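Engineer:
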Amino acid sequence: MASEATIDQIVLPPAEDVPEEILRTEIIFEARSPLDGSPMLPADYAQLQNELAVRQTTPTLNSDIRRMIFLLEARRAFKPVIPFLP
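Taken in order, the sequence shown gives residues 1 to 86; the numbers are from this note's numbering.
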């Protein structure tokens with residue numbers, strides 16, 4: 001059998017494969033915008049990442065709207081029990 005492989009050849013990745021831990025520590029000199037893919041400087045990329053992280057906070061609803069949503073959900077919950085609700 002000419003195609004016999006040892007256990008080391010099957011389990012270990014190829015020698016030219018760079019481990020993920022090393023790839024994570026590499027410094028990015030050329031960054032691309034996640035919005036449109038245009039080239040950016042690393043400082044601009046870091047600033048954009050910070051802005052996007054701040055922007056992802058969920059806005060709060062007006063208390064009147066929250067109350068209306070609660071009343072609609074309560075109405076939907078009581079509708080099967082009390083069918084004559086409007």
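For glycine and all other residues, C-beta sits at the position ideal for the given N, C-alpha and C.
Values in this document were obtained by computation on a predicted structure and should not be read as measured data.
1) Entirely within the segment 3-43 and at least 4 residues each: give me those alpha helix (DSSP H) ranges in chain order.
2) Once DSSP output is grouped into helix, strand and coil, what is the label at L61?
3) Taking the C-alpha atoms as reference points, what is the distance between F70 and P39?
Structural biologist: The relevant details are as follows:
1) 7-11, 20-25
2) coil
3) 47 Å
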